[in-house]
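Going from the sequence shown to this note's numbering is simple: count from 1 and add 230.
No residue lacks a Cβ here, since even glycine has one placed at the ideal position from N, Cα and C.
Model, not experiment: these values are computed from the prediction.
The structure appears below as structure tokens.
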Amino acid sequence: MAVELQEISRFGYPAIHVVADRSMPLQVKFSVSIPGADRIHYVNEQDVLVVLSRLPFETWQRLRAVHFNDKSWGKRTLGYVNLGRRDIALCALPPRMGLSNALVRGQAPERFGGIRGGKWSVLAVRRFMLYDVLLHELGHLQLIDEHASSSRLKFAREKQAQAFAMEWCNRLWSKPFAHSDPVHNPPSPEELASVLSQSQGVQV
Ligand SMILES: [Zn+2]
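Set out below in structure tokens:
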């Protein structure tokens, strides 16, 4: 539901006029650092907000901030969470890259619109960043054992975070989502056909 927030300034007219949508995750802050070399941020605040708005509030209620930073250390790190499990970082990456090495058992590159061993389209990398990396990092924010002595035991660890990501990716992609950006749905048959023909072109 859209809510209009108005603040009347001392001059008598609205100083701030914001249309806020209470269904959107307003409390989450974002920061962006400018990447070095030719690295780019594949996803942005709006992309992340769409994903969050599709998830139950309980799954991201701990989330305080998302940082688009440049700490991928030679593309080995795509994203991570801070020690307090309240902040998520999504890392800048090279402009042309493949992510086959980042896949776990049970994931095929085609699921995201990528190809095994080759460079992925920007759309495929973005899809992976949002519907695997971001969901995985949100997985790490899930409280597993509230009474555990350390945060390492309190919150979801690697396997549980990845299981969370894959389960939510399946659920969100199980039916079409009305959005103009194809990143929020699995690749269409046309996109996959185009990816396949390009990969065959490379091999010839
Ligand atoms: Zn992890």
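Exposed unless 16 or more other CB atoms sit within 10 angstroms - verdict on residue i
i, result
"Phe358", "buried"
"Ile318", "buried"
"Gln430", "exposed"
"Asp375", "exposed"
"Glu237", "Caution applies to Glu237, whose pLDDT of 36 falls short of 50 and renders its modelled position unreliable; the value that the coordinates give is listed next. Glu237 comes out exposed."
"Ile270", "exposed"
"Trp290", "buried"
Spatially closest choice to residue i from the options, by CA coordinates
i, options, result
"Ser404", "Gln372, Asp362, Asp317, Pro416", "Pro416"
"Arg316", "Ala386, Phe342, Tyr272, Met327", "Ala386"
"Val296", "Ala322, Leu402, Arg306, Leu422", "Ala322"
Extent of the continuous beta strand (DSSP E) to which residue i belongs
i, result
"Gly369", "Careful: Gly369 lies outside any beta strand (DSSP E), inside the alpha helix (DSSP H) at 365-370."
Residue i in three-state terms, based on DSSP
i, result
"Val352", "helix"
"Asn299", "strand"
"Ser381", "helix"
"Gln428", "helix"
"Leu402", "helix"
"Asp411", "coil"
Proximity test, residue i beta-carbon vs ligand 1 heavy atom, cut-off 7 Å
i, result
"Glu397", "no"
"His370", "yes"
"His366", "yes"
"Glu388", "yes"
"Ala391", "yes"
is_contact[residue i, chain B] using C-beta, thresh 8 Å
i, result
"Trp290", "In summary, chain B is missing from the structure at hand, where a single protein chain is found."
Element boundaries [alpha helix (DSSP H), containing residue i]
i, result
"Val334", "Val334 -> no alpha helix (DSSP H), and no H or E assigned at all."
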